[in-house]
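Residue numbers (full-length UniProt numbering): 1 to 141.
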């Protein structure tokens, strides 16, 4: 059974709880061509949603099915069970102001943790809230 596409919900959360930044964008038809290299690896039926793109070596792409990164992290949205600020990494770099955070710790259902680097500010907050929403739908009681 195909899971319902929640793209519009995810984008709504991103807009409401955060916003685009200088490097973080919602992908529309009119800006899609800027990200052709990233989008070429998408599977049939997979829809690009939000991208943080600093350069070819530093990016994170959220689709309706997966999170992909420049560091070869590929997470199925259905596997994400927990998302939180990467406090150990932030504090280790002497960053204590939550408005300056750029890293999220994402845990999958196999208890593996990944660190995602994003753009600070509203873009970070929006990405965090979207991934948190995804994880809350995957948690088993």
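A virtual CB, placed ideally from N, CA and C, is assigned to each residue, including glycine.
By the Cβ rule, the segment 105 to 125 counts as touching the segment 66 to 84, because three or more pairs are nearer than 8 Å. Nearest C-alpha to residue 55 among 35, 99, 83: 35. Per DSSP, the beta-bridge partners of residue 61 are 51, 68.
At a Cβ-Cβ threshold of 8 Å, residue 38 and residue 10 do not count as neighbours.
For residue 35, there is no enclosing alpha helix (DSSP H), as DSSP marks it with neither H nor E. Rounded to the nearest whole angstrom, the CA to CA distance from residue 84 to residue 123 is 15 Å. Between residue 131 and residue 51, the alpha-carbon positions lie close to 13 Å from each other.
Its chain contains 103, 104, 105, 115 as the residues whose beta carbon lies nearer than 7 Å to that of residue 86, once the 5 sequence neighbours on both sides are disregarded; these appear in chain order. In the structure shown, residue 40 adopts coil according to DSSP, grouped into three states.
If you draw a straight line from the Cα of residue 27 to the Cα of residue 48, it is about 7 Å long.
By a beta-carbon distance limit of 8 Å, residue 139 contacts residue 81. Their separation comes to about 6 Å.
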